[in-house]
Amino acid sequence: MDEARLRRKIAVIMAADVCGYSRLVAEDEDGTLKRLMEYRELFAEFVSRGRGRIFNTAGDAVLAEFDSAVEAVRAAMDIQEALKARNAPVPEPRRMIFRIGVSLGDVVERDGDLLGDGVNIAARLQGLAMPGGICVSRAVQEQVVNKVSILFRDIGAQSVKNIPQPVHAFVIADPPALGDAPPATKLELAGRSVKARRLSPVLKISAAVLAFVLLLGGAVLVFNARSRISSQSGGLATTGTNSTDDAAKASTAAWASLAGTPLKPMEVPFVTHDTQQIIQRQYMTQMGPKALAIAGAAIGMSRNAADEEAAKQEALAQCETHAIASRKCELFAVGNTIVWDHPAPRIAKEGPLAPRFVKMATVGEDSVPFMSDEAHKKILDEYMKMSSPKAMVAGPYGRLDYAMGAGSTDDIIRRALQMCADRAHLPCLLVAVGDDVVTRVPQTMPPQGLVNMEGQNVLPASARQEPMKAAAENSWYALARDAGGTFGIGTSSIGEKEAINAALAECRSKGGGTGCTISAIGPFMVKPKS
Numbered sequence: 024m025d026e027a028r029l030r031r032k033i034a035v036i037m038a039a040d041v042c043g044y045s046r047l048v049a050e051d052e053d054g055t056l057k058r059l060m061e062y063r064e065l066f067a068e069f070v071s072r073g074r075g076r077i078f079n080t081a082g083d084a085v086l087a088e089f090d091s092a093v094e095a096v097r098a099a100m101d102i103q104e105a106l107k108a109r110n111a112p113v114p115e116p117r118r119m120i121f122r123i124g125v126s127l128g129d130v131v132e133r134d135g136d137l138l139g140d141g142v143n144i145a146a147r148l149q150g151l152a153m154p155g156g157i158c159v160s161r162a163v164q165e166q167v168v169n170k171v172s173i174l175f176r177d178i179g180a181q182s183v184k185n186i187p188q189p190v191h192a193f194v195i196a197d198p199p200a201l202g203d204a205p206p207a208t209k210l211e212l213a214g215r216s217v218k219a220r221r222l223s224p225v226l227k228i229s230a231a232v233l234a235f236v237l238l239l240g241g242a243v244l245v246f247n248a249r250s251r252i253s254s255q256s257g258g259l260a261t262t263g264t265n266s267t268d269d270a271a272k273a274s275t276a277a278w279a280s281l282a283g284t285p286l287k288p289m290e291v292p293f294v295t296h297d298t299q300q301i302i303q304r305q306y307m308t309q310m311g312p313k314a315l316a317i318a319g320a321a322i323g324m325s326r327n328a329a330d331e332e333a334a335k336q337e338a339l340a341q342c343e344t345h346a347i348a349s350r351k352c353e354l355f356a357v358g359n360t361i362v363w364d365h366p367a368p369r370i371a372k373e374g375p376l377a378p379r380f381v382k383m384a385t386v387g388e389d390s391v392p393f394m395s396d397e398a399h400k401k402i403l404d405e406y407m408k409m410s411s412p413k414a415m416v417a418g419p420y421g422r423l424d425y426a427m428g429a430g431s432t433d434d435i436i437r438r439a440l441q442m443c444a445d446r447a448h449l450p451c452l453l454v455a456v457g458d459d460v461v462t463r464v465p466q467t468m469p470p471q472g473l474v475n476m477e478g479q480n481v482l483p484a485s486a487r488q489e490p491m492k493a494a495a496e497n498s499w500y501a502l503a504r505d506a507g508g509t510f511g512i513g514t515s516s517i518g519e520k521e522a523i524n525a526a527l528a529e530c531r532s533k534g535g536g537t538g539c540t541i542s543a544i545g546p547f548m549v550k551p552k553s
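Just so you know, we're using this note's numbering here: the sequence shown kicks off at 24 and counts up by one.
Structure (structure tokens):
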């Protein structure tokens with residue numbers, strides 16, 4: 024060996040390997056090799072962003088070198104998040120899933136390649152990671168802790184092949200999976216205490232078990248996250264006509280645009296919680312000209328741009344590489360100020376449209392509203408064929424949407440409701456979570472749209488509280504009116520017909536007589552019927 028060509032140094036090494044690569048090649052060699060090349064381009068992009076370099080791609084492996092442990096871990100997390108989105112359209116048995124290991128140690132450089140314990144340990148740590156996960160050495164964890172907000176799970180000293188001393192390892196813990204940690208597991212939150220960490224204030228949802236806790240004040244039912252969520256690409260499939268677009272635009276005035284307000288990463292709509300964290304740790308910490316673009320669940324960020332215009336162009340270009348075809352990339356922020364000229368998409372926190380999760384039925388034509396539309400039947404058929412996590416929502420004018428994708432069930436529901444609300448400029452209704460319908464659909468009269476409690480100005484405030492209370496108690500409720508504005512509200516814990524009869528009786532007792540008709544049942548506007 025020519026000693027003059029060798030250089031010893033300390034480096035951070037990232038090692039990645041495909042799970043089940045031999046099986047993938049045996050089943051479809053050409054397709055697997057093509058996707059491997061595409062995924063390596065993704066690795067190259069994120070490694071370059073972290074100021075690293077790829078030095079070896081033998082077989083299905085990717086080996087990269089970084090000067091910074093923080094940049095290496097950030098790159099690994101971004102790569103895994105991007106791979107989730109890339110894998111989403113691929114049938115589950117054909118998905119190419121990587122494990123990633125990161126070590127800090129002594130290496131020898133020879134003609135651009137790296138050898139030594141640092142490389143070997145990274146490869147062994149990769150083998151300790153879960154599919155789609157990341158495992159790091161103690162030295163890396165110590166470099167990263169208190170610099171970025173990451174949860175580490177201490178898995179202790181591990182004996183690994185061809186390494187004489189046990190390697191103390193940590194896995195980066197997915198927040199939805201923390202409930203699976205054994206009691207003896209030590210959890211460390213870099214930069215914060217575990218108690219300080221919170222899921223979404225609107226929803227906390229389990230993908231495995233519907234454990235219901237009714238919050239009567241807000242009519243929101245809370246789930247605890249207890250299981251890993253399978254990863255699929257973010258997206259919101261939509262259907263329906265544009266006949267109500269003018270009505271939707273007319274309601275825009277009631278919502279103020281976000282443009283000109285400070286950027287708050289954890290409030291960026293449509294994206295997953297993980298993506299919000301990426302914005303927090305990579306975008307907000309940048310100095311100088313910068314821009315952020317979004318398109319549904321996809322984002323693009325500039326990095327070290329020369330000026331503001333260059334930052335905008337880079338952010339849009341990055342966004343377009345990740346966005347699905349039906350989504351247009353828009354600038355969301357320039358610097359730390361939002362430029363996105365949309366109102367904040369709202370999720371109802373109380374009343375008829377507040378998300379609730381008591382299973383009412385299994386998803387099907389009889390249990391999902393607005394099935395008189397053939398396009399909606401097609402949407403329902405697509406939805407039923409998809410695996411969880413997924414959620415179906417309804418817009419105020421009877422338009423059905425569904426969402427599936429990366430992140431937790433909480434992410435899926437929030438994104439679906441936000442994207443629907445952004446389009447309609449009114450809160451939308453959560454119809455189904457997974458294969459469970461979570462709203463009561465009227466059976467006596469066909470739904471025509473959703474109740475807009477903000478638009479019920481003809482009702483006194485005391486009367487508007489009745490549907491709010493009934494919704495919180497998960498009771499049936501109905502609204503009856505006559506042509507002169509006389510109203511009646513009926514509620515029942517027994518059934519739909521009882522609520523209808525009570526509403527008609529109250530309306531008639533107030534002077535409405537036989538002119539009283541039912542206009543709403545539960546969260547739905549219905550075709551008037553006496």
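Cβ atoms here follow ideal geometry from the backbone N, Cα and C, with glycine treated the same way.
Assign HIS191 to one of three DSSP states: helix, strand, or coil.
strand
Counting along the chain, where does the beta strand (DSSP E) carrying GLN299 start and finish?
Unbroken run through GLN299 is the alpha helix (DSSP H), 296-301; no beta strand (DSSP E).
In or out: PRO375 buried (at least 16 other Cβ within 10 Å) or exposed?
buried
How should LEU127 be labelled, buried or exposed, when 16 other C-beta atoms within 10 angstroms of its C-beta is the threshold for buried?
Taking every protein chain shown into account, the CB of LEU127 has 16 or more other CB atoms within 10 angstroms, so this residue is buried.
Specify, as a first and last residue, the run of the alpha helix (DSSP H) that LEU151 falls within.
For LEU151, the enclosing alpha helix (DSSP H) begins and ends at 140-151.
According to DSSP, residues forming a beta bridge with GLU132:
Looking at the DSSP assignment, GLU132 forms a beta bridge with ARG30, LEU137.
Taking only three categories from DSSP, how would you classify GLN466?
coil
Rounded to the nearest angstrom, how far is the Cβ of LEU315 from that of PHE355, given a contact under 8 angstroms?
Contact between LEU315 and PHE355 holds: CB atoms are separated by about 5 angstroms, below the 8 angstroms threshold.
Which of helix, strand or coil DSSP assigns to GLY124
strand
Give me the Cα-Cα distance between ILE36 and ILE144, rounded to the nearest whole angstrom.
9 angstroms
Let me know if ASN185 comes out buried or exposed under the rule of 16 or more other beta-carbons within 10 Å of its beta-carbon.
ASN185 is exposed by the Cβ-count criterion.
Nearest-angstrom beta carbon gap, VAL461 and ALA455 [assumed within contact, 8 angstroms]:
Right, their Cβ atoms sit about 6 angstroms apart.
Label ARG422 either buried or exposed according to how many other C-beta atoms from any shown protein chain fall within 10 Å of its C-beta, with 16 as the threshold for buried.
buried
Which residues does DSSP pair with ARG118 in a beta bridge?
DSSP lists no partner for ARG118.
Identity of the residues DSSP links to MET548 by a beta bridge
MET548 is bridged by DSSP to GLY472, ALA543.
Option in MET289, GLN188, ALA346, GLY135 with minimal Cα separation from GLN299
Taking each of MET289, GLN188, ALA346, GLY135 in turn and checking the Cα distance to GLN299, the smallest one comes out for MET289.
Do you know how far the Cα of ALA329 is from the Cα of ALA493?
57 angstroms
Please report the residue range of the alpha helix (DSSP H) in which SER160 lies.
Here SER160 belongs to no alpha helix (DSSP H); instead the beta strand (DSSP E) covers 157-160.
Contact between the stretch 518-533 and the stretch 498-507 is defined here as three or more beta-carbon pairs at a separation below 8 angstroms; is this criterion met?
yes
Looking at the structure shown, is SER182 part of a helix, part of a strand, or coil, going by DSSP?
Coil at SER182, not helix or strand.
Which ranges does the alpha helix (DSSP H) cover as unbroken runs of at least 4 residues, wholly within the stretch 62-121, from first to last along the chain?
92-110
How should THR467 be labelled, buried or exposed, when 16 other C-beta atoms within 10 angstroms of its C-beta is the threshold for buried?
exposed
First and last residue of the beta strand (DSSP E) that includes THR344?
Here THR344 belongs to no beta strand (DSSP E); instead the alpha helix (DSSP H) covers 331-345.
Whole angstroms are fine: how far does the CA of ALA367 sit from the CA of GLU332?
25 angstroms
Simplified DSSP state of ASP434, which is helix, strand or coil:
Reduced to three states, the DSSP call for ASP434 is helix.
Nearest chain B C-beta to GLN188 closer than 7 angstroms, yes or no?
Judged by its chain identifiers, the structure shown contains no chain B, having just a single protein chain.
Whole angstroms are fine: how far does the CA of TYR62 sit from the CA of PHE78?
16 angstroms
Check whether the stretch 147-163 touches the stretch 46-58, counting contact only when three or more Cβ pairs, one atom from each stretch, lie closer than 8 angstroms.
no
State the beta-bridge partners of VAL357 as determined by DSSP.
ALA314, THR360
Decide if PRO205 is buried, meaning its Cβ has at least 16 other Cβ atoms within 10 Å, or exposed.
The predicted position of PRO205 is uncertain, since its pLDDT is 34 and thus under 50; a value taken from the coordinates is nonetheless stated next. Per the 10 Å Cβ criterion, exposed.
For the 8 angstroms Cβ check, are there 3 or more pairs between the stretch 423-443 and the stretch 404-415?
Segments in contact, yes.
Backbone secondary structure at ILE370 - three-state DSSP
coil
Take the Cβ of ALA60 as the centre, count every other Cβ of all protein chains shown within 10 Å, and call the residue buried at 16 or more, exposed below.
The amino acid at residue 60 is misidentified as Ala; the sequence shows Met. Answer is exposed; the Cβ neighbour count stays below 16.
Using CA atoms only, rank isn't needed, just tell me which of VAL391, GLU397, ILE301 is closest to ALA321.
ILE301
For a test of the three-state rule: what should DSSP assign to ALA444, helix, strand or coil?
In this structure, ALA444 counts as helix in the three-state DSSP scheme.
Is any heavy atom of the ligand ADP found at a distance shorter than 6 angstroms from the C-beta of PRO546?
With respect to the ligand ADP, the structure shown offers nothing to examine, as it has no ligands at all.
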